[in-house]
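All letters in the sequence shown, in the order written, are residues 0 to 77 by numbering that gives the first Met the number 0. We put the beta carbon where it would ideally sit given N, CA and C, even for glycine. Read the structure below first, then the notes.
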Amino acid sequence: MADKKISKEPLSAADRQRLYKKRQRDAGFRHTSVWIHTETEEEGKLAARDGKPLNPMASRDPLSWATGWISEKGKQHP
């Protein structure tokens, strides 16, 4: 235990981010970036507000539509 160096200085933002990414990878996640079509995302939000089911495949960009639908559903209370 005596050979471990214990630092009382806080970690830098870069170090915290590196550790967070490692924890996420260790938990089975992978990081990716996506482009979201804002108009289609809004269509998904409107569908969720209207109580329509999650059905994005007929939209211009299914991922953007589903992102909007899920985002809006997360704001609604049961």
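By the 16-neighbour rule on beta-carbons within 10 angstroms, residue 63 is buried. Shown here, residue 50 sits in coil according to DSSP, grouped into three states, outside any helix or strand.
Under the DSSP assignment, residue 73 falls in the alpha helix (DSSP H) whose first and last residues are 61-74. Annotation for residue 44: 67, 71 place their beta carbon closer than 6 Å to its own, counting only its chain and skipping 5 residues before and after.
Excluding its 5 nearest sequence neighbours in each direction, residue 76 has no C-beta neighbour in its own chain below 6 Å.
Cβ neighbours of residue 40 within its own chain (closer than 6 Å, five residues either side excluded): 63, 66, 67. Ranking 38, 15, 20, 12 by CA distance to the CA of residue 30 puts 20 first.
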